[in-house]
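Here's the structure we're looking at; comments come further down.
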Amino acid sequence: MTAAVTLDGVSCTFGHGAGAVRAVDAVDLAIEAGEFFTLLGPSGSGKTTVLRMIGGFTLPTAGRVLIGGADVTRTPPYARAVNTVFQDYALFPHMSIRDNVAYPLMVRKVAKAERHVRADDLLALVQLPGVGDRRPGQLSGGQRQRVALARALISEPQVLLLDEPLGALDLKLREQMQSELKALQRRLGITFLFITHDQHEALSMSDRIGIFNAGRLEQVGTPQAVYDAPATRFVAHFVGAANVLEGDAARALTGHAQAMLRPERITLGGTAGARAAGTVAEVQYFGAFTRVKVDLAPEAPGVPATRPTRLQADLPSFAAGQGRGAAPRLGEAVHLHWDSAAMHALA
Ligand SMILES: Nc1ncnc2c1ncn2[C@@H]1O[C@H](COP(=O)(O)OP(=O)(O)OP(=O)(O)O)[C@@H](O)[C@H]1O
Ligand SMILES: [Mg+2]
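The numbering used here puts the last residue of the sequence shown at 541; the count rises by one with no breaks.
So, in structure tokens, the structure goes:
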């Protein structure tokens, strides 16, 4: 099957000489048709630059961009079968909502009656029927976001590029829009390339995630794969909370030079079968779970006394106090347990 979007050795360098910034560094990527693909990475890692090269707003300094198998590296934005939703929505404040949504059709000289019908259809699709006569200033942030989405969809792109489209919304609205966007994508079958620096958003919405760091893709995989089997230390820390063990402590406990253990895979229990022992150094209550930080005892088998290794355990709050009368207390001696499969070696 032809990929919806292919990046073939794509690089982008801004500036020249000593001040040059290699924003994107030899990226290879194939996004399948109908896929919800998320680029996840910290600020400044090059996500927007990748999106702009796919949209045609920035020219790669090396490599090729293909859409639906055709080389579009030098094709102008308007001639590409992609559309972009920017974070700031970029709606025209003086135009009605209907005219905002219909704008791409107006540029293409579609007759007014027809473009208004299509705009109203799209407004219904994003669950905003009846607001066509209002101005952008008369809508909430989340509603404006949906208008921007409707406008991007009206020209029926094969690929929709979304650059942190939910960044400006408050948490509740953001969560609501996450499920709405995902449902809409499934219904329309359009390929979505979604950018975020929010790991929860990436994990909960995507078919696959590409983790971006300093202009390079560190790992591409399903949410489960990048969470359970991060390829690098960077991915382990960026996607979810992670205990990363290294050096002597790692070798003693895992046999590897570097290994990762998710905090929710640790339980507290008795001496029998314990993998490590230590003292509770910190207890934080988060509602659903309680985060307990444990400094491993220097006398724990095989762990040298140089620097205490601190492990973080996220215990379901209802269970944290179970059978113990209370959640662990500061300074308490505890024994840590985990399944051997929970310990993941890092490259
Ligand atoms: N037009 C430009 N000229 C010079 N440098 C640029 C330009 N655009 C981006 N950069 C630099 O390229 C790097 C990547 O920027 P980019 O906007 O792609 O990051 P990002 O991952 O989208 O970050 P954020 O999450 O903050 O939006 C940064 O170091 C940025 O300063
Ligand atoms: Mg950006």
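Think of the CB as a built atom: it goes at the ideal place given N, C-alpha and C, for glycine as much as any other residue.
Using the beta-carbon count (16 or more within 10 Å), is Glu358 buried or exposed?
buried
Quick check on this structure: which residue in Asp314, Gly263, Thr252 and Leu285 has the alpha carbon closest to the alpha carbon of Pro271?
Thr252
Could you give the C-beta distance for Gly235 and Lys241, rounded to a whole number, given that I count them as a contact under 8 Å?
5 Å
So the candidates are Ala224, Leu365, Ala198 and Gln370; which of them puts its Cα closest to the Cα of Arg340?
Gln370
Fully enclosed by the segment 378 to 465, which alpha helix (DSSP H) runs are 4 residues long or longer?
393 to 399, 417 to 422, 427 to 432 and 441 to 448
Run the Cβ filter for me: residues under 7 Å from any heavy atom of ligand 2, listed in the order they occur in the chain.
Lys241, Thr242, Asp357, Glu358 and Ile389
Looking only at C-alpha atoms, which of Gly228, Thr196 and Met247 sits nearest to Ser205?
Met247
Put Val325 into one of helix, strand or coil per three-state DSSP.
coil
As assigned by DSSP and simplified to three states, the class of Gly482
Residue 482 is actually Ala in this sequence, not Gly. Reduced to three states, the DSSP call for Ala482 is coil.
What are the start and end residues of the alpha helix (DSSP H) that includes Asp315?
Lys306 to Leu319
Tell me, which residues are paired with Ser205 by DSSP?
Ala256
Please classify Asp364: does DSSP put it in a helix, a strand, or coil?
coil
For the pair the segment 346 to 354 and the segment 383 to 390, tell me if three or more CB-CB distances fall below 8 Å.
yes
Measure the C-alpha to C-alpha separation of Asp265 and Ala224 and round it to an integer number of angstroms.
13 Å
What residue does the alpha helix (DSSP H) around Pro510 start on, and which one ends it?
It is not in any alpha helix (DSSP H) - Pro510 instead sits in the beta strand (DSSP E) that spans Arg504 to Pro510.
Residue interval of the beta strand (DSSP E) (run including Arg557)
Past the boundaries of the shown model lies residue 557; the chain is included only from 195 to 541, so the question cannot be answered.
With DSSP as the reference, please indicate the residues paired to Gly472 in a beta bridge.
Leu490 and Val528
Can you find a heavy atom of ligand 1 that lies under 8 Å from the Cβ of Phe231?
no
Contact between the segment 465 to 484 and the segment 525 to 535 (3+ Cβ pairs under 8 Å):
yes
Tell me the DSSP secondary structure of Ile348 in three-state form.
coil
Proximity winner among Arg410, Leu411, Gln393 and Gln321, relative to Leu378 (alpha-carbon distances):
Gln321
Identify whether Val341 lies in helix, strand or coil by the three-state DSSP scheme.
helix
Spell out the partners DSSP gives Val353 in its beta bridges.
Val276 and Thr385
Can we count Phe153 as close to ligand 1, meaning its CB is less than 8 Å from some heavy atom?
Residue 153 cannot be examined here, being either before or after the span of the chain that is shown, 195 to 541.
Take Asp202 and list the residues in its own chain whose beta-carbon comes closer than 6 Å to its own, dropping the five residues that flank it on each side.
Gly257 and Arg258
Run through DSSP, which three-state label would Gly519 get?
Summary for Gly519: the model assigns pLDDT 46, below 50, so the residue's position carries little reliability, and this model does not support an answer.
Using DSSP with H/G/I as helix, E/B as strand and the rest coil, what is Asp533?
coil
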